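For the sequence shown, my numbering assigns the number 103 to the initial residue and increments by one for each residue that follows.
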Amino acid sequence: MTMTVTTEQTGRSVPSRPASVELDALKAALDHQREHVAGILEGLTEEELRRPMLPSGWSCLALVRHLTLDVEQFWFAGVIAGEPDVAGQLLAGTEAHWCVPDGMNAAEVFADYRTAIARADSVLADADLDQEPAAWPVEIWPSWRLPDVRRILIHVLTEVACHSGHLDAARELIDGTTWLGGNPYAG
């Protein structure tokens, strides 16, 4: 939404920058990375999504589960909005968050991811970049703290971008597909 203000010097109305320009830019970058996560995995079978890609045993689907619980849900609903026991859930299940529960299919994992993103977006819609987080998991990080929503959002953006890169590499190993298509080194 473009607002206008009247300047005292000229008496003319001129467009002003919305207060949320920075938030909008950060959110757009995060949305792009979220789309990348889902987009690079499009077309993979349930078996391919569950295939362990590294010796640690994570799969593409497990990485989406991690992004759902430990990134979108934890940072937005838990830390920024202060919903109870999110830190407790993280402490109780960090390793489990990298596993897809028995009986949960890929469609359910992606649906949970979309739901967590929608909740995160609603938290951001009510947030100010300079506001302090409503909760901080001192039991996880007693001497480290992100002081405001701005830094939390930058941290989340960095983490999602890093993991979308992991998914790029995993997808290329699975079937040769790259996000941009074709061989990135072809001339």
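We treat Cβ as the ideally placed atom computed from N, Cα and C, and that holds for glycine.
Fair warning: this is a prediction, and the values are worked out from it, not measured in the lab.
Measuring C-alpha to C-alpha distances from GLY180 to each of GLU241, VAL240, ALA236, TRP281 identifies ALA236 as the nearest. With a threshold of 16 other beta carbon atoms within 10 Å, CYS162 meets it and is buried.
A straight-line Cα-Cα distance of about 6 Å links ARG167 and VAL211. For ARG247, no alpha helix (DSSP H) encloses it, and the DSSP letter there is neither H nor E. Taking the Cα positions, ILE182 is about 7 Å away from VAL225.
CA-to-CA, the gap between ASP172 and GLU274 works out to about 25 Å. Closest in alpha carbon position to THR279, among GLU144, LEU125, ARG136, GLU137, is GLU144. Judged by DSSP secondary structure, LEU282 falls outside any alpha helix (DSSP H); it is assigned neither H nor E.
When ASP230, GLU234, THR147, MET155 are compared, the shortest CA-CA separation from GLU124 is found for ASP230. With a cutoff of 9 Å on beta-carbon distance, LEU128 and HIS268 are scored as not near each other. At a cut-off of 4 residues, the continuous stretches assigned as alpha helix (DSSP H) that sit fully inside the region 124-191 are 148-152, 162-168.
Within 10 angstroms of the beta-carbon of SER158 lie fewer than 16 other beta-carbons, which makes it exposed.
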